[in-house]
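Residue numbers for the sequence shown, in UniProt numbering: 1 to 138.
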Amino acid sequence: MNEYVNTGAYLRILWDELRFNMEDQLKERGFADISPSHGWIFHHTREEGSRITELAAIAKITKQSMSALVAQLEDAGYVKKKADSTDKRAWLLVLTAKGKKVKAVGQEINYQFEKTWEQKLGKKDYSQFRELLMKLSE
């Protein structure tokens, strides 16, 4: 009798494969100081800037944890803070030129990685796989 493997285990395998590939590729391209935890910031920081509280809510972590991640990226020159014109007490996080570069590189790495999944499954099955993942994520 075959032992049942829960769906979460399969999702974890895929996530680890994607994450390790991203880390390796970023290191090869000179971005060894970027970790998967930083991904939320690059992906969700708007061009006009985003508040840390917004980014923390999206990532489902505390404001303090997000602040620590932002501090790492700020120290490395990937992000900077600018005044929020709508609230004098607040500030917005924006990507620097270096931050925009690593975001573009990360997007390209991800695109190429997803192409390998598409080749494995075929266009039709991969498209359905993405649709089902999006449906489950709602």
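Ideal placement from N, C-alpha and C gives every residue a C-beta, glycine not left out.
Query	Result
Can you say whether MET134 is buried or exposed, counting buried as having 16 or more other CB atoms within 10 angstroms of its CB?	exposed
Can you tell me whether DSSP reads SER50 as helix, strand or coil?	strand
Compare the Cα-Cα distances from SER35 to each of VAL102, LYS88, GLN112 and THR116 and report the closest residue.	VAL102
Rank ALA59, LYS80 and LEU73 by C-alpha distance to the C-alpha of GLU48 and give the top, closest one.	LYS80
Report back the beta-carbon spacing between LEU92 and TYR78 to the nearest angstrom; my notes put them in contact at under 8 angstroms.	That belief does not hold up - the Cβ atoms of LEU92 and TYR78 are roughly 15 angstroms apart, past 8 angstroms.
At 4 residues or longer, and completely inside the UniProt domain "HTH marR-type" (1-138): list those alpha helix (DSSP H) runs for me, N to C.	7-28, 39-44, 52-59, 63-75, 97-121 and 123-137
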